[in-house]
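Report on one structure; see the data block that follows.
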Amino acid sequence: MHRIVFLGPPGAGKGTQAVELSRTLGIPHISTGDLLRSAVAQHTPLGTEADAYMRAGMLVPDDLVLKMLQERLAAPDAASGYLLDGFPRTLVQAEALTGFAPIDRVISFDLPESILMERLTQRRSCPKCGAVYNLVTQPPKKPDTCDACGATLVQRPDDRPEPVYTRLQTYHRQTALLLEHYRRLGLLRPIDAEGSREVVSERIREAVR
Ligand code: AP5
């Protein structure tokens, strides 16, 4: 069984790689960012509360995210493994996670900040099917149009320069502490996340083996 966490700064390629690895391993890709964006789009009480934090590039409070994740992990498809993308992000979340979902491996993504900024500001996303593009490294075939479903691509509100800056600071202040936490537990497998998608995928497959 595979119970994996992807840990890394915003724009490191976690979501891109998680789509591929979850398919290869046959486990659900559970992204707390995607779950929260879907709650915002559906105007649920959770989405209404999370929206302002996300737009500003700040973390959504631990209690809200923990409840949401616990509910998601209770679904039958998570009974035989899962790939958590973007969770945990604080020590409180990491410690709570041990109480309801064991982890076998934490893959951390290493990447220089200049590349993160470029990846984030050039990212475009499909609001309908969630496909992710990059104007430089993975452009859609037709400008501003999703290859998969034909919807008009958008820039995430938190991919504008100011929230990107806050997200990077938040990562360094709150989430990077988890690297040492998981290193001490012997679960951490750092990977070099610079290079083409294919090259990074191969490094991740190697780290999971
Ligand atoms: P979330 O959605 O998790 O965002 P993030 O962690 O900031 O990560 P990103 O989605 O920005 O980047 P990524 O690493 O997935 O990169 P991607 O593959 O898209 O969280 C958003 C917000 O939700 C948070 O700020 C917070 O408010 C809230 N939240 C979420 N989880 C939370 C939690 N646990 N607790 C509290 N709050 C939480 O790639 C980026 C770009 O690069 C794309 O354009 C892609 O095409 C391109 N790219 C990818 N790989 C490559 C490559 N190898 N070469 C070239 N280009 C590449």
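So for the sequence shown, the numbering used here puts the first residue at 1; every next one is plus one. Glycine is no exception: its CB is placed at the ideal position from the N, C-alpha and C atoms. The structure displayed is predicted, hence computed values, not measured ones.
Per DSSP, what are the beta-bridge partners of residue i in this structure?
i	result
Leu83	Ile4, His29
Phe109	Ile191
Thr145	Thr152
Tyr133	Arg124
Gln70	Partner(s): none; Gln70 has no beta bridge.
Gln138	Asn134
With a cut-off of 8 Å on the beta carbons, I'd call residue i and residue j a contact; round off their distance for me.
i	j	result
Leu116	Pro10	7 Å
Asp110	Ile204	At roughly 12 Å, the Cβ-Cβ gap does not stay under 8 Å, so Asp110 and Ile204 are not in contact.
Leu188	Leu179	6 Å
Ala74	Val60	Going by Cβ atoms, the distance from Ala74 to Val60 rounds to 20 Å, so no, they are not a contact pair.
Gly57	Val164	7 Å
Ile107	Ala12	Actually they are not in contact, since the Cβ atoms of Ile107 and Ala12 sit about 10 Å apart, beyond 8 Å.
Thr90	Thr175	7 Å
Identify, in the order they occur along the chain, each residue of the same chain with its Cβ nearer than 6 Å to the Cβ of residue i, setting aside the five sequence neighbours on each side.
i	result
Val104	Here the sequence assigns Asp to residue 104, which means Val is not the residue at that position. Once the five neighbours on either side are set aside, the close Cβ partners of Asp104 are Arg3.
Glu20	Ser201
Ala101	Leu73
Leu97	Pro88
Ala148	Cys129, Ala131
Arg6	It is worth fixing the name first, because residue 6 is Phe in this sequence and not Arg. Result list for Phe6: Lys14, Ala18, Asp85, Ile107, in chain order.
Excluding the 5 residues preceding and the 5 following residue i in the sequence, name in chain order all residues of the same chain whose CB lies nearer than 8 Å to its CB.
i	result
Thr16	Val132, Arg197
Pro161	Thr121
Met68	Thr32, Leu35, Leu36, Ala39, Leu46
Thr24	Arg205
Glu166	Reading the sequence as shown, one finds Thr at residue 166 and not Glu. The residues are Ala56, Gly57, Met58.
Please tell me whether, using a cut-off of 7 Å, the distance from the CB of residue i to the nearest non-hydrogen atom of the ligand GTP is below it.
i	result
Gln169	With respect to small molecules bound, the structure shown includes the ligand AP5 and not the ligand GTP.
I'd like the list of long-range same chain contacts for residue i, defined as Cβ closer than 7 Å, with 5 residues on each side in sequence excluded.
i	result
His181	Leu91, Ala94
Tyr177	Reading off the sequence shown, one finds Leu at residue 177, where the question assumed Tyr. Excluding sequence neighbours, Leu177 sits near Leu91.
Contact between the region 75–93 and the region 26–46: three or more CB pairs below 8 Å?
-> Yes: the two stretches touch, three or more of their Cβ pairs being nearer than 8 Å.
At least 3 beta-carbon pairs within less than 8 Å: the region 146–157 vs the region 118–138 | The region 146–157 vs the region 118–138: in contact.
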